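Report on one structure; see the data block that follows.
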Amino acid sequence: MRASHLTGAVAAVVLGLALTACGGSKDMSAEPVTSTAAPMPMSMPMSAPSTAATTGMFAGLNGKNVAGTATITGDAVELADFSSDEGPDLHVYLTKGTTEADVKGGVRLGAVTYDKAAQRFTIPAGVASAEYTHLVVHCDKALAVFGAAQLGR
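Residue numbers (this note's numbering): 8 to 160.
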């Protein structure tokens, strides 16, 4: 037997063993393989991107009290069981940290109400929330970070 035939025979045996291992314990060799399904097209449409939620728990910073849960799903940010110390000009930001510089480089989502437990914000078009690590409650008038939720991925 020539080497190329021997190599082909060994490859066929290895492939057969691998397929048997994937098929479970049932002996499939006695059953004919038939299919009534339509042939699959060469290119399948891509499914929609995953809208898995990203969450984080708020904690107060700089001597302030902030509590609740932040959830990002797609372009929506939802606050649940939210509460904060009162401030004259509170806003929520997507940021890459919790410093004033991080807030300045972040994305302002809107005014947040300190005593409203459920709130919703929309992430502006073109902003990839996955690029940010925190959701920060910031008093714009006092230039003070009240609290933040680190976003889990």
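Beta carbons are placed, not taken as given, at the ideal position from N, Cα and C, and that holds for glycine.
Given the structure is predicted, the values throughout are model-derived calculations rather than measurements.
In this structure, Ala87 and Thr80 do not form a Cβ contact; the two beta carbons are roughly 12 Å apart against a cut-off of 8 Å. About 5 Å separates the beta carbons of Gly63 and Leu158, which is inside the 8 Å limit, making them a contact pair. Closest in alpha carbon position to Ile130, among Tyr121, Val143 and Leu101, is Leu101. Secondary structure within the segment 90-150: the alpha helix (DSSP H) runs of 4 or more consecutive residues, fully enclosed, are 107-111 (chain order).
The alpha-carbon separation between Val134 and Ala155 amounts to approximately 19 Å.
Cβ-Cβ separation between Phe128 and Leu68: approximately 20 Å, too far for a contact (criterion under 8 Å). When secondary structure is reduced to three states using DSSP, Asp88 falls in the strand class.
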